[in-house]
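Report on the structure given below.
Numbering (the numbering used here), first residue to last: -12 to 549.
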């Protein structure tokens, strides 16, 4: 392995006949305007304020006797420099009649000749980005799209106004006075180790990319080529599964790999901290991986855990539950609704219980823990700590028959009292708007299903219904409502538990809202019992809202108590 201080021209052009390839484990081209601007500012300062500019480390892995180099670290900079050079190439000063490059400096950076026709010097991992990059390389700018096109347009805007002499100076400065430290490795595991050490010294690399690099590096060390390919294929499949299947309000895009990875590692047989933050994730990943003699066995274990994770997780209230008892799925829906971290607990329960009856009962207890925190609007930080703390206690419980008592103890330790929950529900509005309103939907479903016994509702067919319309005091057609409601109180009452019910979507679409008597006709025929009960009220007043809020609050406490 060797590290050398290099001019940009020598970095690209000093390896005759070689191309640079971005490996699959790398993220795509992600630089944005602020990065393009920073690079332009650095280049523009050369010769004016500084003699040269150091652009950082470039780590390459030498392949195929030097005809191919993997860009282990430096993709964003190398691709962006290539795009900047294309914008210079496309100015009138550097054009030629036959369409070929008119300057050897541009040739050194942009193309390689390994046959009759030149080829791009860089190959991107992402097929779509690669296609758009190649359009720019061929000069088909109008056909190009995506971030590489935007980068090209930014730099074209900067170079378009430059005179011929200024363009010459710019090209010279990029080629000869923009410098990097180039590290070339021939041992894959060593190259990935350097990449990882860059992250430890403060260079921002996501832990899932580091994990992917480590898996690829370990696979490279395996003599069995087919097994090596299978390892990298499976690891890529795992990432694709998580990216494709997770989403909604519970899984922001940046967390679709990182959070499941964290929670799976925490639930491994290797001791880890109770919670693992982003900065500690890769270190714990290595710790668990090193516990396996064979990286293939680790990948197979991890894939099995991902399959379980996707069965017990939910993007909002949806749970696949393919290998979970049917009557346990609703418990998982309640559990997941309370926290974006709930899967760490459900995975701990699933991994430590073999009996379906025990599994159902313990998911039920976990849902009680979660819903009591949700109904009292416990802070997200306290809820997270309770979830991870309970998961840790479950993992420490040696006998699966004792997990039930462990969960009951955690409910008592972590959740508010019945009185605190009741007072909160009586004094505060429910979460109605936005992507998290399924929490209120599930709370109402839990009341409804207490009335229905074993018969479960199809949640996707239900709609949260305001009994007195939210816009009672804003719509002139609602005058009959206003005659019976207290205008000073209704603004605080409209989203409270007592003013809410459930309706099937078909009934909600057809309900007449101009008066309570009109609504009662729909409610009385409803298949939803808590809606049908509202039809028994003679009128709908502010006092009725307060009383029903108190009544339903007590029902929720009874439903979610031990």
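Every residue gets a Cβ at the ideal spot worked out from N, C-alpha and C, and that includes glycine. Predicted model, so just to flag it, every value in this text is computed and none were measured.
Residue 486 versus 526, 514 and 462, residue with shortest Cα-Cα distance | The residue among 526, 514 and 462 with its C-alpha nearest the C-alpha of residue 486 is 526.
What residue does the beta strand (DSSP E) around residue 460 start on, and which one ends it?
-> Taken as a continuous stretch (DSSP letters only), residue 460 belongs to no beta strand (DSSP E), as it is neither H nor E.
Measure the CB-CB distance between residue 111 and residue 9 and report whether it falls below 7 Å.
-> yes
May I ask you to list the residues that DSSP assigns as paired with residue 168?
-> -8 and 44
So, residue 418 versus residue 424, is the Cβ gap smaller than 7 Å?
-> yes
Is residue 344 buried or exposed, if buried means 16 or more other CB atoms sit within 10 Å of its CB?
-> exposed
For residue 534, verify whether its CB is less than 6 Å away from any heavy atom of the ligand MG.
-> Judged by which ligands are present, the structure shown has none, so any question about the ligand MG falls away.
Between the Cα of residue -7 and those of 289, 34, 333 and 170, spot the shortest distance and give me the residue it belongs to.
-> 170
Is the CB-CB distance between residue 328 and residue 374 below 7 Å?
-> yes
Residues bridged to residue 7 (per DSSP) = Paired residues: 56 and 109.
With DSSP run on the structure shown, which of helix, strand or coil describes residue 488?
-> strand
Report back the beta-carbon spacing between residue 408 and residue 359 to the nearest angstrom; my notes put them in contact at under 8 Å.
-> Yes, residue 408 and residue 359 are in contact; Cβ-Cβ is about 6 Å, under 8 Å.
Quick one: what's got a C-beta closer than 8 Å to residue 130's C-beta in the same chain, skipping five residues either side?
-> 122
Residues near residue 471 by beta carbon distance below 6 Å, same chain, minus five either side | 526 and 528
In whole angstroms, what separates the C-alpha of residue 493 from that of residue 59?
-> 56 Å
Cβ neighbours of residue 551 in the same chain (closer than 6 Å, five flanking residues each side left out) = One cannot answer for residue 551 here, as it falls past the ends of the chain, which runs -12 to 549.
Enclosing alpha helix (DSSP H) for residue 450 [first to last residue] | From DSSP, residue 450 is part of no alpha helix (DSSP H) but of the beta strand (DSSP E) over 449 to 453.
State yes or no: is the C-beta of residue 532 within less than 7 Å of the C-beta of residue 480?
-> yes
7 Å CB neighbourhood of residue 539 in its chain, flanking five on each side removed | 434, 484 and 485
Taking the DSSP output, what are the residues bridged to residue 388?
-> According to DSSP, which records beta bridges pairwise, residue 388 is partnered with nothing at all.
Identity of the residues DSSP links to residue 50 by a beta bridge = By DSSP's assignment, residue 50 forms a beta bridge with 55.
Is residue 33 helix, strand or coil when you go by DSSP?
-> strand
Rank 357, 371 and 422 by C-alpha distance to the C-alpha of residue 394 and give the top, closest one.
-> Out of 357, 371 and 422, 357 has the C-alpha closest to the C-alpha of residue 394.
Cβ-based neighbour list, residue 141, same chain, cut-off 7 Å, excluding 5 preceding and 5 following | 20 and 23
Based on the DSSP output, what are the partners of residue 100 in its beta bridges?
-> For residue 100, the beta-bridge partners assigned by DSSP are 105.
Residue 22 (DSSP reduced to helix, strand or coil) = The three-state reading of DSSP puts residue 22 in helix, counting H, G and I together.
Can you tell me which of the three DSSP states residue 204 falls into?
-> Look at residue 204 here: in three-state DSSP terms it is helix.
Length of the line joining the Cα atoms of residue 212 and residue 253 = 31 Å
Are residue 516 and residue 438 close, meaning C-beta to C-beta below 7 Å?
-> yes
Could I get the ranges of all uninterrupted alpha helix (DSSP H) runs contained in the stretch 274 to 300, with 4 residues as the minimum, in chain order?
-> 282 to 299
Range covered by the alpha helix (DSSP H) that runs through residue 80 | Element bounds for residue 80: n/a, residue is neither H nor E.
Classify residue 41 as buried or exposed, calling it buried when 16 or more other Cβ atoms lie within 10 Å of its own Cβ.
-> exposed
Report the three-state DSSP secondary structure of residue 510 (helix, strand or coil).
-> helix
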